[in-house]
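Novice: For the sequence shown, the UniProt record's numbering assigns the number 256 to the last residue and increments by one with no breaks.
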Amino acid sequence: MKRRMLVIGIGAGNPEYITVQAINALNRASVLFIPNKGDDKSDLHRLRRDICERFIEGSDYRLVDFDVPERSKAGAYSADVADWRAAVQSTYERLLSDEIGEDEIGAFLVWGDPSLYDGTMGILDAIRSSGKFDLEFDVIPGISSVSALAARHKVALNRIGEPLTITTGRQVSKRLPDTGGNVVVMLDTRDAFASVTEDMDIHWGAYVGTEDEILIAGRLSEVRDEISRRIAEARDEKGWVMDTYLLSRGEDGDID
Ligand SMILES: C[S@@+](CC[C@H](N)C(=O)[O-])C[C@H]1O[C@@H](n2cnc3c(N)ncnc32)[C@H](O)[C@@H]1O
């Protein structure tokens, strides 16, 4: 079965993060797939729908909601992730087979940028390799939460001539990467910054770019309790938090 897809980065929060290329891609798509990640995250579902309504001209398109399988946390991390990816792959295969035709173009609206902690391209590659579909897809980059965080704090990510490491809360809670440069932490469900012993600067942001945005910056030793408190409050209020932060060793970054 021949299928054509677009993987469109929609930016990480503010509808105005969407690029002209993404708007053009939205307007090329006949079927737009909108993920449901449970009641707690209905804000994100609504934002994707709002983007379609705001930026697509005319009404010659369909929005198709689909439920994203939940990842089990019962087993070993890598086994749970593999099971979850297989479940998402079969969901995508069902969408490709049942919801779009050969002469249509389908689109996934990916939060932020599709290259950063997002499995959409990998899963489409796996589907293509499986030979079940003659699948072609194009990718439109988006403004990631990392770019949005840096812009909102008006700070460069790297120090002069040094590397920048982007990693997860899971990794940082084990130990801070020893790559030497600054560190951006994403997907932190365990307040990993609280266990960092080196006294670094932190630029932290939750729900960056949205109307719920919270930004805090300072020496880790001075602001870590406040960040933990704001995370706990936000979790109580909304049920979920999406936050990203930059840990840096003082000096501002620059070009190299
Ligand atoms: C599955 S990853 C997706 C990242 C996305 N592809 C990107 O380009 O930003 C989800 C993580 O991205 C970060 N994130 C996404 N949107 C964010 C936002 N608006 N504010 C703060 N962090 C955000 C959080 O660390 C969250 O746990």
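Where a beta carbon is used, it is the ideal one built from N, C-alpha and C, also for glycine.
(1) Ligand 1 heavy atoms versus the CB of T244: any closer than 8 angstroms?
(2) Three-state secondary structure (DSSP) at M242?
(3) Please tell me whether, using a cut-off of 8 angstroms, the distance from the CB of M186 to the nearest non-hydrogen atom of ligand 1 is below it.
(4) Below 7 angstroms CB to CB, which residues in the same chain sit around R181 once its five sequence neighbours on both sides are set aside?
(5) Which partner residues of M186 appear in the DSSP bridge assignment?
(6) In the DSSP output, what is H203 paired with across the bridge?
(7) Could you tell me if the beta carbon of G122 falls within a distance shorter than 8 angstroms of some heavy atom in ligand 1?
(8) To the nearest angstrom, report how far apart A194 and L215 are at their CA atoms.
(9) Kindly list the residues whose CB is nearer than 8 angstroms to the CB of I123, restricted to its own chain and excluding five residues on each side of it in sequence; keep chain order.
(10) Which of the three DSSP states is assigned to L32 in this structure?
(11) Just to confirm, does P114 get its C-beta within under 8 angstroms of one of the non-hydrogen atoms of ligand 1?
(12) For F193, which of helix, strand or coil comes out of DSSP?
(13) Who are the Cβ neighbours of R170 in its own chain at under 6 angstroms, not counting the five residues just before and after it?
(14) With 16 other CB atoms within 10 Å as the buried threshold, where does D188 fall?
(15) How is L6 classed by DSSP in three states: helix, strand or coil?
(16) For the beta strand (DSSP E) containing G122, name the first residue and the last one.
(17) Is it the case that the CB of V110 approaches a heavy atom of ligand 1 more closely than 8 angstroms?
(18) What does DSSP give as the partner residue(s) for V64 in the beta ladder?
(19) What separation, rounded to the nearest whole angstrom, lies between the Cα atoms of Y117 and Y61?
(20) Buried or exposed for S248, please, with buried defined as at least 16 other CB atoms from any protein chain shown within 10 angstroms of its CB.
(21) Is L149 near ligand 1, in the sense that its beta carbon is under 8 angstroms from a heavy atom of that ligand?
(22) What does the Cβ neighbour count give for Y77, buried or exposed, with the cut at 16 atoms within 10 Å?
(23) Hey, A232 and A206 are a contact pair by Cβ (cut 8 angstroms); roughly how many whole angstroms apart?
(24) Looking at ligand 1, does it come within less than 8 angstroms of S19, judged from the CB to the closest heavy atom?
(25) Which residue's Cα is closest to the Cα of V7: A107, G13, G142, M186?
(26) Is V81 close to ligand 1? I mean its beta-carbon at under 8 angstroms from any heavy atom of the ligand.
Specialist: Result, derived from the coordinates:
(1) Under cutoff, so the answer is yes.
(2) When secondary structure is reduced to three states using DSSP, M242 falls in the coil class, being assigned neither helix nor strand.
(3) Residue side-chain check: M186 places its Cβ nearer than 8 angstroms to a non-hydrogen atom of ligand 1.
(4) Just to set this straight, residue 181 is Gly in the shown sequence, not Arg. In the same chain as G181, and ignoring 5 residues on each side of it, the C-beta atoms closer than 7 angstroms to its own belong to N158, R159, E162, P163, L164, T165, in chain order.
(5) Note: M186 sits in a beta bridge opposite T168.
(6) Answer is A217, L246, bridged to H203.
(7) Relative to ligand 1, even the nearest heavy atom lies 8 angstroms or more away from the CB of G122.
(8) Going from the Cα of A194 to the Cα of L215 covers about 17 angstroms.
(9) Around I123: R85, V88, Q89, Y92.
(10) In the structure shown, L32 adopts extended strand secondary structure according to DSSP, grouped into three states.
(11) P114 Cβ: within cutoff of ligand 1.
(12) In the three-state DSSP reduction, F193 falls in the helix class (H, G or I).
(13) Hits under 6 angstroms: none found.
(14) With 16 or more Cβ atoms within 10 Å of its Cβ, D188 is classed as buried.
(15) Looking at L6 - three-state DSSP - the assignment turns out to be strand.
(16) According to the DSSP assignment, G122 belongs to no beta strand (DSSP E) but to the alpha helix (DSSP H) extending over 120 to 130.
(17) True, at least one ligand heavy atom lies under 8 angstroms from that Cβ.
(18) For V64, which the question treats as bridged, DSSP gives the partners F33.
(19) Going by the C-alpha atoms only, they are around 28 angstroms apart.
(20) S248 counts as buried, since at least 16 other C-beta atoms from the protein chains shown sit within 10 angstroms of its C-beta.
(21) Result yes, Cβ under 8 angstroms from ligand 1.
(22) Around the CB of Y77, fewer than 16 other CB atoms lie within 10 Å, so the residue is classed as exposed.
(23) Between A232 and A206, the beta carbon gap of about 12 angstroms keeps them out of contact (Cβ cut-off 8 angstroms).
(24) Correcting the residue type first, residue 19 is Thr in the shown sequence and not Ser. Flag unset: Cβ of T19 not near ligand 1.
(25) Residue A107 holds the alpha-carbon nearest to the alpha-carbon of V7 among A107, G13, G142, M186.
(26) The answer is no for V81.
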